[in-house]
Amino acid sequence: MVETFACSFRATELDARRGVISVVHRLKDMGVPDTRVDEVQIALAEAVNNVVEHAYSETTTGDVLIRCNLHSDRLWVEIRDAGMPFPDTKLPEGKPAHVDASTPLEDLPEGGFGWFLIRELASDIQYKRNMDNNQLSLCFEIQLTK
Amino acid sequence: MSLTSTEADGAQVVTVNAQRIDAAMAIQFKEDMRTETEAGPTRVILDLSRVDFIDSSGLGAIVAAMKQLGKDRKLDLAGLTPKVDKVFRLTRMDTVFNLYDTLQDALDPEHVET
Chain A
1 MVETFACSFR ATELDARRGV ISVVHRLKDM GVPDTRVDEV QIALAEAVNN
51 VVEHAYSETT TGDVLIRCNL HSDRLWVEIR DAGMPFPDTK LPEGKPAHVD
101 ASTPLEDLPE GGFGWFLIRE LASDIQYKRN MDNNQLSLCF EIQLTK
Chain B
1 MSLTSTEADG AQVVTVNAQR IDAAMAIQFK EDMRTETEAG PTRVILDLSR
51 VDFIDSSGLG AIVAAMKQLG KDRKLDLAGL TPKVDKVFRL TRMDTVFNLY
101 DTLQDALDPE HVET
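Here the protein sequences come in this chain order: A and B. Numbering follows the UniProt record's numbering, in which position 116 of the first sequence is assigned residue number 116; successive positions increment by one, without gaps. Numbering follows the UniProt record's numbering, in which position 108 of the second sequence is assigned residue number 108; successive positions increment by one, without gaps.
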């Protein structure tokens, strides 16, 4: 059996925060273990921030739609927006930052962690450009506790 | 103001009074850090024990706050909660900062790394 829910909100930073928090509450209520919900929250927040900052950066701000499909062994989170596609309609690589204790202060990265985090945390990622919409789906393995 | 600041054992302790350092908060956090740490002790300890969640914008803002301090001062981090700790470890930024489980550990001479 697949449990589904969806929510949508304006693509602003504050609405994105509220939207992500509401998804987190729903997933916990559905019995997704806390540590997995934490990982979903980290990846989802990055994906939604990208929509706010990039997809709608040069167009009128629109909506973000999130749909979660919870299967017995996995969770698919779909993030949809009507903004601009990814450059070349391809997902960013999200290379890890090469830093350690000896990295000079001025060379430390202040951004570019988002896609790296998404790729680390999601077990599968799919992207489709569909009728002027971006449709990004992130998959997470799940063992339900309820 | 998202921050409060005290001095303890010659270090400046800056406490973040927000549950999230996310995209909606990152710019304000960076500006507040600049104001709080404009002058003061060489060592600044950022107490993150009230912060439940951080995203890449927040992580970038903490890196920016460390850069603002310059080469002669340093920023240590204390009280990382599980999700915050996870983001630091996944991005390898845990290798860039000294991390302490609690503020007490950060102030305890036996724990302090130079």
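We put the CB at the ideal spot given by N, CA and C, even for glycine. What you are looking at is a predicted structure, and each value in this text was computed from that prediction instead of being measured.
Of the listed residues the options, nearest to residue i (C-alpha basis)
i	options	result
residue 121/A	29/A, 20/A, 37/A	37/A
residue 26/B	108/B, 54/B, 74/B, 91/B	54/B
residue 67/B	80/B, 56/B, 96/B	96/B
residue 91/B	111/A, 80/A, 82/A	111/A
residue 81/A	131/A, 27/A, 139/A, 1/A	131/A
residue 85/A	42/A, 94/A, 136/A	136/A
residue 73/B	43/B, 2/B, 10/B, 33/B	43/B
residue 138/A	116/A, 78/A, 24/A	78/A
residue 31/B	3/B, 83/B, 99/B	3/B
residue 98/A	91/A, 10/A, 109/A	109/A
residue 31/A	3/A, 8/A, 12/A, 43/A	3/A
residue 46/A	87/B, 71/B, 69/B	87/B
residue 75/A	54/A, 116/A, 93/A, 44/A	44/A
residue 69/B	107/B, 8/B, 79/B, 39/B	39/B
residue 83/A	66/A, 55/A, 67/A, 95/A	55/A
residue 26/A	69/A, 96/A, 92/A, 49/A	69/A
residue 107/A	5/B, 99/B, 59/B, 63/B	63/B
residue 115/A	64/A, 22/A, 95/A, 10/A	95/A
Beta-bridge partners of residue i, as assigned by DSSP
i	result
residue 15/B	4/B, 47/B
residue 76/A	69/A, 139/A
residue 3/A	70/A
residue 64/A	9/A, 81/A
residue 53/B	20/B
residue 77/B	46/B, 99/B
residue 129/A	134/A
residue 124/A	139/A
Contact list for residue i against chain A, beta-carbon separation under 9 angstroms
i	result
residue 29/B	Within chain A, no residue comes near residue 29/B; the closest Cβ sits about 12 angstroms away, beyond 9 angstroms.
Interface partners of residue i on chain A, CB under 7 angstroms
i	result
residue 115/B	No answer is possible for residue 115/B: it lies beyond the span of chain B, which begins at 1 and ends at 114.
residue 24/B	13, 14, 17
residue 51/B	Here the premise fails: no neighbours, minimum Cβ distance about 14 angstroms.
residue 64/B	110
Per-residue burial, residue i [other beta carbons within 10 Å of its own, 16 or more giving buried]
i	result
residue 17/B	exposed
residue 89/A	exposed
residue 37/B	buried
residue 22/B	buried
residue 46/B	buried
residue 56/B	buried
residue 104/B	exposed
residue 52/A	buried
residue 39/A	buried
residue 143/A	exposed
residue 12/B	buried
residue 19/B	exposed
residue 10/B	exposed
residue 76/B	buried
residue 128/A	exposed
residue 105/A	exposed
residue 34/B	exposed
residue 93/B	buried
Residue i: contacting residues in chain A (beta-carbon distance under 8 angstroms)
i	result
residue 59/B	113
residue 20/B	17
residue 96/B	99, 100, 101, 103, 108
Contact set between residue i and chain B, taken where Cβ atoms lie within less than 8 angstroms
i	result
residue 46/A	55, 56
residue 41/A	53, 83
residue 120/A	90
residue 52/A	23
residue 38/A	82, 83, 86
residue 96/A	91, 92
Beta-carbon neighbours of residue i, restricted to chain B and to distances below 9 angstroms
i	result
residue 64/A	Chain B residues near residue 64/A: none, gap ~13 angstroms exceeds 9 angstroms.
residue 49/A	22, 23, 55, 56, 57
residue 116/A	56, 90, 91
Under 8 angstroms from the C-beta of residue i: neighbouring residues of chain E
i	result
residue 89/A	Considering every chain present, this structure includes no chain E. Its protein chains are A and B.
Residue i beta carbon near the ligand HEM (any heavy atom closer than 7 angstroms)
i	result
residue 4/B	This structure simply doesn't include the ligand HEM, nor any ligand for that matter.
**OP:** Using a Cβ-Cβ cut-off of less than 9 angstroms, list which residues of the region 74 to 89 of chain B approach chain A; keep chain order.
**Re:** 82, 83, 86, 87
Original post:
Any residues in the region 74 to 86 of chain A with a beta carbon nearer than 8 angstroms to a beta carbon of chain B? Which ones, in chain order?
Top reply: none
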